[in-house]
């Protein structure tokens, strides 16, 4: 038996029936790994995450969690099965207080266990406890991401799906969040994330996938992808840098 | 005179508030204007009649009036029965009409469907109970004289008391229970609620139950203080929409405040305009809100 926490096999999915965005995408994530999916805009990265999270219908292929099929299981049941998902935008309930956001995250758990888990989260993130009665809408971008991750952690998920967690964050807040994601894995979580900030994401990842046009293109160890010239040119901005350097040379 | 209009405004505002709570939530969560919601008030008033007649038949304590009020224990129990019956009607409408339509058609189709449902519900009332006005009680009530020369019926005091108890209970439900918090979460973002592990379909059922119960209570209180007639709900349709839009869709406090503003402005307006123009006041309020603050007082501002 494999030790994959998540295995997506030849997934075909999209937003509209008969108009798939994903054309047979396969990914797997092993226990304790951080796996990052990178690719250009429109590659289908977020679509894949949403399909795995149960928000989109999978018309072909299958998704396994610990070897058990979770294909097309409704999103709210997946949370109970141990999949935490943090969307790219609108990932906190802005009109609810921080505490109420955490209560929402504990919805699949029995009340007593949810209360215990919320206390655990408060001990992990004291800043959330200090501001528990404030509306989540007043938090900064970085703090919102922390709250969103904390909410997803409430059910002690075996797998956390992060959709562009650093989108809209300052470089400092993004670095802090990446360090936090690394800590999550050290504490026993497994992470699959989609990230535009490809270089920084691959630096903290174990493996990576490159997607384009709704299909797998390249995959491998994160450090190998970082060194790969072709990927560097296309996705990591190296070509732009070398082009810029050449231009500067020509000007001088 | 002003104080009397103020008191009347608060009393009619209380009924509008109860009816507007459900409308406000369905507008926000189900994203359509449900024109059949006002008919739930009519059904609330008439279904209470069934339960009250049933318990009255037992006689004894059920048939006797309570203190200065015009009704007895039978109508109090009938209110609970009415809430259950109207909730059941709302759930059936949701399951077999609105939920099905929401999955396959545009919102505008749902709005037109709600017009159709409203007509069916109203004419079913005519078919079952006839079109003549009915009263829960034929006993005469004497007004109580309050300071400032305000005259109110004991039943109207009960109306206000029950509205306050209902709103406070709903406030506690929405802020202290997991289901209530989930309702507010679903109202803001159904998708985020879903991925957080909330069974959104179950929460939507709760929205219908609470909205329908509020409408049923509003209908019974209207019937108690005015009369029962098939157009009861239809006559409240503009005030209900004005209250829901004024308060901001999806807000309990907005619906209550909106209901009060509508009730007060309707009743205070008669001091400066002829009474025949009174029904136009909610319409003017809707126009004013949509012009100056389309998201309502408690609604989220679109950026």
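Protein chains in written order, with the numbering used here: chain A, 42 to 293; chain B, 1015 to 1317. Beta carbons: idealized from backbone N, C-alpha and C, even for Gly. All values derive from a computational prediction rather than experimental measurement.
Boundaries of the alpha helix (DSSP H) around residue 1043(B): 1016–1043. In this structure, the CA atom of residue 1274(B) is about 26 Å from the CA atom of residue 1147(B). The straight-line gap separating the alpha-carbon atoms of residue 1289(B) and residue 1176(B) is approximately 28 Å. In summary, the residues of the segment 1203–1230 of chain B whose CB is separated from some CB of chain A by less than 8 Å are 1203, 1205, 1206, 1207, 1208, 1209, 1210, 1211, 1212, 1213, 1214, in the order they occur in the chain.
A straight-line Cα-Cα distance of about 20 Å links residue 74(A) and residue 192(A). One finds 1192 in chain B with Cβ atoms closer than 8 Å to the Cβ of residue 152(A), taken in chain order. Of the residues 140(A), 199(A), 87(A), the one whose Cα lies closest to the Cα of residue 130(A) is 87(A). Residue-level contact by beta carbon fails for residue 1268(B) and chain A, as no gap is shorter than 9 Å.
Where residue 1305(B) is concerned, the enclosing alpha helix (DSSP H) starts and stops at 1294–1306. For residue 1195(B), the closest Cβ of chain A is nearer than 9 Å. For residue 184(A), the enclosing alpha helix (DSSP H) has its first and last residue at 182–194. For residue 54(A), DSSP records a beta bridge to 63(A), 99(A).
Chain A has a Cβ within less than 9 Å of the Cβ of residue 1198(B). With respect to the 9 Å criterion, residue 104(A) and residue 201(A) are not classified as neighbours on the basis of their beta carbons. In this structure residue 195(A) touches residue 143(A) by the C-beta definition: roughly 6 Å separates them, less than 8 Å. Only residues of its own chain outside the window of five on either side were considered, and among them 61, 62, 63, 64, 66, 84, 85, 88 have a CB closer than 8 Å to the CB of residue 255(A), listed in chain order.
Close CB contacts of residue 128(A) within its chain, under the 6 Å cut and outside five residues either way in sequence, are with 204 (chain order).
Beyond the five residues adjoining it in sequence on each side, residue 1278(B) comes within less than 8 Å, by CB distance, of 1020, 1023, 1024, 1027 in the same chain, given in chain order.
Put simply, the backbone Cα of residue 253(A) is about 19 Å away from that of residue 70(A). Residue-level contact check: residue 96(A) touches chain B, since one or more beta carbons of chain B fall below 9 Å from its beta carbon. Fully contained in the segment 75–156 of chain A are the following beta strand (DSSP E) runs of length 3 or more, in chain order: 75–79, 99–106, 124–127. Distance between residue 1067(B) and residue 1281(B), taken at the CA atoms: about 33 Å.
Listed as beta-bridge partners of residue 256(A) by DSSP are 253(A).
Against residue 146(A), the close residues of chain B are 1210, 1211, in the order they occur along the chain (beta-carbon pairs closer than 8 Å).
The beta carbon of residue 199(A) lies closer than 6 Å to those of 46, 123 in the same chain, with the five residues before and after it left out. Remark: C-beta atoms of residue 72(A) and residue 231(A) approach each other more closely than 9 Å. Listed by position along chain B, the residues whose Cβ is nearer than 9 Å to that of residue 141(A) are 1189, 1195, 1198, 1199. The contact set of residue 192(A) on chain B, defined by CB atoms closer than 8 Å, consists of 1210 in chain order. Leaving aside the five residues that flank residue 174(A) on each side, the residues in its chain whose CB is nearer than 8 Å to its CB run, in chain order, 138, 139, 140. In this structure, the alpha-carbon of residue 1061(B) lies about 5 Å from that of residue 1096(B). For residue 210(A), there is no enclosing alpha helix (DSSP H), as DSSP marks it with neither H nor E. At a cut-off of 9 Å between beta-carbon atoms, residue 119(A) makes contact with chain B. Think of a sphere of 8 Å around the beta carbon of residue 196(A): the chain B residues whose beta carbon falls inside it are 1211, in chain order. Residue 1079(B) sits in a strand when the DSSP states are folded into three classes.
Shortest Cα-Cα distance from residue 1033(B) to any of 1269(B), 1291(B), 1121(B), 1294(B) involves 1269(B).
Beta-bridge analysis with DSSP links residue 248(A) to 76(A), 262(A).
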